[in-house]
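Counting in the working numbering, the sequence shown tops out at residue 209, every number present. For every residue, glycine included, the Cβ atom is placed at its ideal position computed from N, Cα and C. Since this is a predicted model, take the numbers as computed values, not measurements.
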Amino acid sequence: MKQERNIITMGEYGRIHFPSTTNNDIWMNTNELIELFGIKYSILRGNIKAIYKSGILDECEVQRCIKLSNGISIDVYALLMIVALSFRLNTLGAYKVRECVMNKLATKPRNGVLFLNVHTHECMNENKYGHN
């Protein structure tokens, strides 16, 4: 995985900066998540393990190990994990991320209906399945 990645940050006054990107390059390491959500490492690890154990997300899809320029390797987590964590945690940072995600979903213009199989993560659009 390339080292260039975007992260979600919260400013001094609680304003969330959510990078506008379309190529799924929002990945955050544990320290960045701890700072964003205002939690301790043990709480973060426990919630990540609970998400994996429940089967909501697959570790292979949302967690990567990247090597930094100084030779140290760190784990980074994808946007899906960040959003899942925001719905599990009860902190100001989690609330702000949830609010930002919901606002983006509610204000995004929709051109049609999108069918998504939640088990296979496969898009079942009209071109493939003939649905309207």
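- A buried status is given to Phe114, since no fewer than 16 other beta-carbon atoms sit within 10 Å of its beta-carbon.
- A residue is called buried when at least 16 other Cβ atoms come within 10 angstroms of its Cβ; Asn147 does not meet this threshold and is exposed.
- Counting C-beta atoms within 10 angstroms of its own C-beta, Ser119 has fewer than 16 neighbours from the protein chains shown and is therefore classed as exposed.
- Comparing alpha carbon positions, the residue from Asp102, Thr86 and Gly88 closest to Leu156 is Asp102.
- Shown here, Arg122 sits in a helix according to DSSP, grouped into three states.
- For Asn106, the uninterrupted beta strand (DSSP E) run begins and ends at Trp104 to Asn106, by DSSP.
- Judged by DSSP in its simplified three-state form, Thr86 adopts strand.
- Taking C-beta atoms under 8 Å as the contact rule, Met105 and Tyr154 qualify, at a distance of about 6 Å.
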